Amino acid sequence: MQSRIIILLMILLPCFAVAQQTPFSFRKLGINDGLSQSSVIDIATDSLGFVWFATQDGLNRFDGKEVVVYRKTFDDVTTPVSSRLGKLVCGEDHIIWLISTGGRLEKFNLIREQFEAIHRLGNDSTLLPAVNCIYNDKALLLLGTAQGIYLYHHRTKQLNHITVDTLAEPHLNSNNIQAIHKDHFQHYWLLTDNGITVLDTAGKIIQSFLYSNDPDKTTWISCSAMAQDNEGNYWLGTYGKGVFYKSKEVNSFITFKITGNKQIPQNTVTEAVLADDNGNVWIGTYGDGLYVLNAATHKLQHYTADYNNPFSLSYNDILSIKKDNYGGIWLGTDGGGVNHYDKRFNNFDLLNKSNVPENIAIQQVRSVTTDSSGGLWIGTSNLGLTYTNAARDSFVTFHFPPYQAGLSNYDRIVSLLCDNDGDVWVGTQGNGLLILNHQTQQIKNRFYPGAAAALPDHTIWCMLPHSATQVWIGTRNAGLCLMDKNKGVIKQFTNTGNEGERLPENNVRALVRMDDSTVCIGFDKAGVQLLNTRTFKIINPNIPFGQLAGEQAVLKTLCYQPPYIWIGTLGRGLIAWNEKTNNTYWITEKQGLPNNTIYSIIPEKKGMLWMSTNNGLCSFLPPVNLHHTTASNFSRYTAEDGLQSNEFNTGAHYMSGDSVFYVGGISGLSMFKPSKLLNASLPAKAAITHIQVNNQPMESDTADVYKKILHLSYQQNSLSFSFAALGLVSQSRVHYYYRLLNYGTKWIDAGNRNYAAYTNLPPGSYTMQVKATNNAGNTNAPITELNIIIHPPFWRTWWFAALCTFAVIGLLYALYRYRISQLLHVQQTRNRIASDLHDDIGSTLTNISLLAELSRKKLPPGNEEATLFLKRISEEVQQFSQALDDIVWSINTSNDTLEQTAARMRRYAGEIFEGANINYSLFMDEPFAQHKLNMEQRRDCFLMYKEVINNIYKHANATEVNIRVTMNKNHLNIIIQDNGNGFDTNSITHRNGVKNIRRRAAKWNGTVLIESVKGKGTTVQISMVA
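Using the numbering used here, the first residue of the sequence shown is number 31, and each one after it goes up by one.
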């Protein structure tokens, strides 16, 4: 009876509904994000990848993160039959053509950031009227006005003007040109308020469409926008006349209609049409949102603003639709800012409250599985079980009554399994196990504590197939059970079982099959054990779960990918056990894991692991050595990429037979095929957007983003840079890397901070390098470079050093010349003195000597005393004459060389010794002869020599004298040796000869050594610095 009641309740409780289509996901950019105004009239993308928005109050440049506003206004007027909107068109040479307020034609130089109004073109003096639209290519610049079309030829600089009155066949449909489109055949389509006129590549009219000669204009078709799809078909938007279509095989337009209830209204005001690269035609309307049509299948999707859905359109008035350099679609709205669509936002199919009926449970997904027909079963937390068919166009939610009265939270579906018969096993938290026929969607059987086929516990965390009718189930309080869907429990393992069948605890959270006979069991806190399903024996692999993750660690999920068992934990990261080597590895956020809580692990055939966490979904490609795991092994996906949320739930994961992955969380269910994912982390070009020098914006005639080199003075040595990642869709996950070469070589990971600063840089050449990626560890991204030269102060430049060098050389040369001049002057003076002394004093002394001698001869005999005095006068004069001769000799510069000194020594020795019959020898080496002495050195040297020679002559009674004069490095050595009487060198004498010799030698840092032995002669050694 109870079973019949349950079946009856199952029939009554389901709620059926038809689903909406899975929507595109849009990202919004509004006035709170930096946009100057919320009405975005037109959009353009430049060659670098910046996106430009024309608004009523400003031209905006967007780099993916920041908006820069340039003051310029644009028209924004739309009526049911026409519009007057500002326009943006990117041209060659970094130029943006724009139509500003009042139809004024201007061009904006992106490099110099300067606006220039264009009143005339080329050599033509024609003043241009207000411009409605513009099209530019390498050959032509086309200007659509209310007075016809102007064609400006870039090469010839010729301006042609075509109107309805131009003598040509066929004629221009109307003078009011509202839009211009260029097709795949290089033809120009002029959209007017009365159909279309087509020009060929030379600007000649070749065809006309939708022309009406109705003078009242009631049948005129006012054309607004056009696109050509990949198949070559034309799509035309109009003001108030709907959408027209022209097949490439047909030479006429027809009103576009499709079968079914969903149509584009025939009175739609269409402002924008775009055909993307994926076969979709985007139709932006004024007031009716966005239509996206698959051109091949004619499947139509309609998107409107939904203020409860953060990823819906922001506004229903769409003024512009443009494609960027990376395939993204940008929609400008009249009041809702910009909407951005990118396929990388839509990697994941999504089921959430925005695209399922209100009475369908899709929040807090706890489990998921698929059946053989492609149907999808979704278990929720206390909201029942939801089913959707393979087409995902109808839904039903089942609510199971409690197995006994008084149960609360009985609608929690925490595990699901579809067996080979197609029956769905429904495991609940607190409400037992149900077997459901997926075709009739009725309960076939039910197990719970106290039933006829009793289940020892009312909570089933996990299930794993064993055979056609049997399933292993992990319970909260009753361990592991082998269940037969007809008979109930076949085998049970608990923590009180027999040896070999005893579990470490009864709370079984995860099961995974390793091979045909081995199942891995994951326990809430007791780690992992293995079960041999043939012998029913429990095996402990001794994985140090508690040692690695901590005693309070909680296991959340298991995965087996040979040779590793992967264990996901609550807040303690990822544990890997290698069954072959018995090695265990622990991977956490420190190694790059996005989050330490892992709710599910799904293996991919290529070796990749997919993990749901509390910080999004991540893929993990394990390295060969898990100890070398880094952030580069992980790729992270978040709600920005189209996931249901960044937070997922335990058990809410499944991989279907066709390799579709399902992961559920707090806001719905995400579905994807890994092989079909578009990588949101593809590297994109980074741009240096702002440069500051000494905390001030750099003044230059070139925009910062276009600068290639900076020349700075040595005082401009503190620099800061801001940069942007162009083309990366997940800006919150961008990782910037930068370095300044010649200052450092290591890349600096700035994370999401797009700023770098350097202070007190020394003069030199540097290169600023920047790159960006959405993956923290992926550094293979294009590098943007900026060369920087900080010039040194003038006193540190090469030319200044060279100038100083030449100045010093010049000064030294001047001093040298001055010194030479002084020396020459001194030499001349010395020679003059020597000459004067010799001529004047010498002659006087000679006269004195002669007079004395004459006086002595004329004295009468007997005057002995007078004779003696005259003789002494003659001797004194002779001695003085000799001294004077020495002085003159020393002063004379011609005697400065030692060679002259040696000659005088030789003459003096000859004069003394030859008259006394003393034999002598004199040896002088060549270095001595070439060496020069100054005047005083030469004089002292000769006087010391003379003193020794005189002493030998007067006192030694020698017969042999040997004299040796040599140079040793910078020392002059004189050795004089005789064979005379000798004397006692220690005896005290009052004579000054030896003292004078020592004094003169010491004056020149010299020494005097006297060796003498009585009866054996004397040796005198004189050494002095020369």
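No residue lacks a Cβ here, since even glycine has one placed at the ideal position from N, Cα and C.
Since this is a predicted model, take the numbers as computed values, not measurements.
Span separating the alpha-carbon of V1055 from that of L1002:
Going by C-alpha positions, V1055 is about 6 Å away from L1002.
Smallest Cα separation from G88: which of I71, S77 and S66?
Closest option to G88, Cα to Cα, is S66.
Let me know the secondary structure DSSP gives S69 once reduced to three states.
In the structure shown, S69 sits in a strand (DSSP, three-state: E or B).
Along the chain, where does the alpha helix (DSSP H) that runs through Y975 open and close?
Start and end: M965 to N981.
Which one or two residues does DSSP pair with I408 in a beta bridge?
As DSSP reads the structure, I408 sits in a beta bridge with V398 and T416.
Out of T222, N205, L197 and Q258, which has the shortest C-alpha to C-alpha gap to K212?
Taking only the C-alpha atoms, the option nearest K212 is Q258.
How big is the Cα-Cα spacing for I348 and V322?
If I take the Cα positions, the gap works out to 13 Å.
Local Cβ density within 10 Å of H370, reported as buried at 16 or more and exposed below that
Counting Cβ neighbours within 10 Å, H370 comes out buried, since at least 16 surround it.
Within 10 angstroms of its Cβ, does G945 collect 16 or more other Cβ (buried), or is it exposed?
Result: exposed.
Pairwise C-alpha distance: F753 and D731
Answer to the nearest angstrom: the Cα atoms are 19 Å apart.
Use the C-beta contact count for T835: other C-beta atoms within 10 angstroms, 16 or more gives buried, fewer gives exposed.
With fewer than 16 other CB atoms across the displayed protein chains lying within 10 angstroms of its CB, T835 is exposed.
Own chain, CB closer than 7 Å to L413, minus 5 neighbours either side, in chain order
Hits under 7 Å: A391, Q393, Q394 and D441.
With DSSP as the reference, label Q51 as helix, strand or coil.
At Q51 the pLDDT is 48, less than 50, meaning the model places this residue with poor confidence; the figure from the coordinates comes in the next sentence. DSSP places Q51 outside both helix and strand once states are collapsed to three, so it counts as coil.
Through-space distance from T131 to L381, alpha-carbon basis
Answer to the nearest angstrom: the Cα atoms are 45 Å apart.
How many Å lie between W829 and T719 at the Cα?
Straight-line Cα distance between these residues: approximately 35 Å.
Closest by C-alpha distance to S795, when choosing among N810, T789, I813 and Y773
S795 has its Cα closest to that of Y773, out of N810, T789, I813 and Y773.
Do you know offhand how far L699's Cα is from K102's?
Taking the straight line from one Cα to the other gives about 45 Å.
Can you tell which of A232, I226 and N260 has the C-alpha that lies nearest to the C-alpha of F274?
Nearest Cα to F274 within the set A232, I226 and N260: I226.
Skipping 5 residues on each side, what residues in its chain have a beta carbon closer than 6 Å to that of Q216?
Excluding residues up to 5 positions away in sequence, T231 lie with their Cβ nearer than 6 Å to the Cβ of Q216 in the same chain.
Taking 8 Å as the limit between beta carbons, can you name the residues of its chain near N613, skipping five residues before and five after?
If we look at N613 and ignore the five residues flanking it on each side, its Cβ neighbours are W607.
Have a look at T827, D688 and T1048 and flag the residue whose alpha-carbon is nearest the alpha-carbon of Q993.
The amino acid occupying residue 993 in the given sequence is Ile; Gln does not appear at that position. Closest by alpha carbon: T1048.
With DSSP as the reference, label Y938 as helix, strand or coil.
Taken through DSSP and simplified to helix, strand or coil, Y938 comes out as helix.
Cβ neighbour criterion (16 or more within 10 Å) applied to R12:
This structure cannot settle anything about residue 12, because the visible part of the chain is limited to 31 through 1056.
Let me see if you follow: with CB-CB separation under 8 Å, is P110 close to chain B or not?
In the structure shown, chain B does not exist; there is a single protein chain.
Just list the beta strand (DSSP E) runs in the segment 792-845, keeping only unbroken ones of 3 residues or longer that don't cross its boundaries, in chain order.
Counting only runs of 3 or more, we get 794-803 and 814-820.
Identify the residues that DSSP records as bridge partners of K521: which are they?
Paired residues: L512.
Between the segment 612-629 and the segment 659-666, do at least 3 Cβ pairs fall closer than 8 Å?
Output reads yes: the segment 659-666 touches the segment 612-629.
Check the C-beta distance from I164 over to L202 and give it rounded, since I have them as a contact under 8 Å.
Not a contact, Cβ separation roughly 17 Å.
From this set, I820, Y950 and N810, which residue's C-alpha is nearest N724's C-alpha?
When C-alpha distances from N724 are compared across I820, Y950 and N810, the shortest belongs to I820.
Measure the alpha-carbon distance for T499 versus G518 and round it to whole angstroms.
So the alpha carbons of these two residues sit roughly 10 Å apart.
Where N679 sits in the DSSP three-state scheme
In this structure, N679 counts as strand in the three-state DSSP scheme.
Roughly how many angstroms lie between the CA atoms of Q51 and A802, to the nearest whole one?
With a pLDDT of only 48 at Q51, under the threshold of 50, the placement of this residue in the model should not be trusted, and no figure is reported.
What does DSSP give as the partner residue(s) for T859 in the beta ladder?
In the DSSP assignment, T859 forms no beta bridge with any residue.
At which residues does the beta strand (DSSP E) containing A786 begin and terminate?
From DSSP, the beta strand (DSSP E) with A786 extends over Y785 to Y788.
Taking the beta strand (DSSP E) that K474 falls in, what are its first and last residues?
From DSSP, the beta strand (DSSP E) with K474 extends over Q472 to F477.
Report the rounded CA-to-CA distance for T548 versus N562, giving the unit in angstroms.
Answer to the nearest angstrom: the Cα atoms are 5 Å apart.
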